[in-house]
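These notes concern the structure reproduced below.
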Amino acid sequence: MTRSTLTSLAALEAAGLLSAEEAPALEPVAARYAVAVTPHVAALALAKPEGPVALQFVPDARELYRLPEELDDPISDEPMSPVKGIVHRYPDRVLLKALHACPVYCRFCFRREMVGPGGEGLSNSELDAALDYIRTHEEVWEVVMTGGDPLMLSPRRLALILDALAGMEHVGSVRLHTRVPVVDPERVNGALLQALRPRDTLAVWLAVHTNHADELVGDARRAIGDLANAGIALVSQSVLLKGINDDVAVLEKLFRTLVTLRVKPYYLHHPDLAPGTSHFRITLAEGQALMRALRGRLSGLAQPTYVWDPPGGSGKIPVGPDFLASREPPAE
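What follows is the structure in structure tokens.
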């Protein structure tokens, strides 16, 4: 198995993830959108070349097909950014985007026009300005670190950020959204666990991005277990993807597996209108039907909230089925 991240079509072909016949047609895709497949993901993808892991990370020529309604910034981050690295959409919380690099690049990513190995992260002065914004806005209770994957920061820099947030009396929670435990589990080591440790005045939550139970195997299970054992609260975030997890049994297995790993399923996202991702999208009605079916067969502990982030910057809205539409509660 390769021991370095695959970041080109030639590397994917050499690893057996693409054929010599497929690679030329994908050159425009790789030129437009970042490519990265870690050794851990490559091994899973090779085990099932047409399976749910490969479909999420190996480039596809359909990514060049862009619908008129698809947007470079489908959830309108930019208009909500008062200073570089901050998105302030909701009154009591902000996004902190310290970098734009990820260990892998999902082919359905809603920030695919912004992230990548050449994406500009925050300089020291820009990070100080972002932290000053949080410090001077006392209505901010939660900081959500995203980007880019915050666990791609060095443990030292990550600890500096968390220590700074812990020193702000009005900030009570930080939530880090990450793919690292699932796609690059070797990064979850003693130094990272020390950086992520809960502070006395700051709750540390980790939102693990995963879309299929096939991702939750081997070293990924070890990494998630180490995080849980270190006292870090874990939730999950998934995207409902056509041909990958748009099936009741597949979702049921994913959410049950997460609960057994001490991860609370948190959000199931309806896909955003990111460019070149229409082949991943199902209809809202299809998603609601799946959630309705799950309600009767899956523990409430394993039920995420089905949400959609519509264009325009209004933020996430719950879009699960209306369970009272055909049945009224009994009169008192």
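In the working numbering, the protein residues as written are 742 to 1073. Beta carbons: idealized from backbone N, C-alpha and C, even for Gly. Keep in mind it's a predicted model, so treat the numbers as computed, not measured.
How would you call S749, buried or exposed, if buried means at least 16 neighbouring beta carbons within 10 angstroms? exposed
Proximity to I965 [Cα-Cα], best of L1065, R928, P858, E791: R928
Which one of E819, P790, P1062 has the shortest CA to CA distance from E1027? Closest by alpha carbon: P1062.
Going straight from the alpha carbon of A932 to that of P1012, what length do you get? 34 Å
Tell me which residues share the same chain as A954 and place their Cβ nearer than 7 Å to its Cβ, disregarding the 5 neighbours each side in the sequence. K994, L995, T998
Segment contact, 8 Å Cβ cut-off, at least three pairs: the segment 971 to 978 with the segment 1014 to 1025: no
Use the C-beta contact count for K838: other C-beta atoms within 10 angstroms, 16 or more gives buried, fewer gives exposed. buried
Using a C-beta cutoff of 9 Å, does L785 count as contacting chain C? Here there is only one protein chain, and chain C is not present.
Could you name the residues that DSSP lists as bridge partners for P1012? Residue pairing by DSSP leaves P1012 without any beta bridge partner.
Taking just the CA atoms, how far does R848 sit from V794? 11 Å
Starting from K838 and walking both ways along the beta strand (DSSP E), at which residues does that stretch end? 834 to 838
Contained beta strand (DSSP E) runs [length at least 3] in the segment 1001 to 1056, N- to C-terminal order: 1005 to 1010, 1046 to 1049
Cut-off 7 Å between Cβ atoms - residues of its own chain near A764, not counting five sequence neighbours on either side: L750, E754
Restricting to Cα atoms, I'd like to know which of E880, L943, A802 is closest to A900. Put simply, of E880, L943, A802 the residue whose alpha carbon is nearest the alpha carbon of A900 is L943.
Touching by the beta-carbon criterion (3+ pairs, under 8 Å), the segment 910 to 927 and the segment 949 to 963: yes
Answer yes or no: do A775 and P832 have a C-beta to C-beta separation smaller than 9 Å? Contact: no.
By the three-class DSSP mapping on this structure, what secondary structure does I973 have? I973 falls in the coil class under three-state DSSP.
Can you tell me which of S745, V958, R938 puts its alpha carbon nearest to the alpha carbon of V845? Minimum Cα distance to V845 is reached at S745.
Look at the alpha carbon of M893 and the alpha carbon of A761, and state the distance between them as a whole number of angstroms. 32 Å
Does V700 come out as helix, strand or coil in the three-state DSSP assignment? Lying outside 742 to 1073, the shown extent of the chain, residue 700 is not represented and no answer is given.
Under DSSP, the beta strand (DSSP E) around L947 begins and ends at which residues? 944 to 950
Give me whichever residues DSSP pairs with H918 in a beta bridge. A948
Just how far apart, CA to CA, sit R940 and M909? 12 Å
Are the beta-carbon atoms of P1045 and S979 separated by less than 9 Å? Closer than 9 Å, so yes.
Quick check: what's the CA-CA separation for Y806 versus R938? 43 Å
Quick one: residues in its chain with C-beta nearer than 6 Å to the C-beta of R803, no 5 flanking neighbours on either side, listed in chain order? H1020
Report the residue from L796, L872, R830 whose alpha carbon sits nearest the alpha carbon of C850. L796
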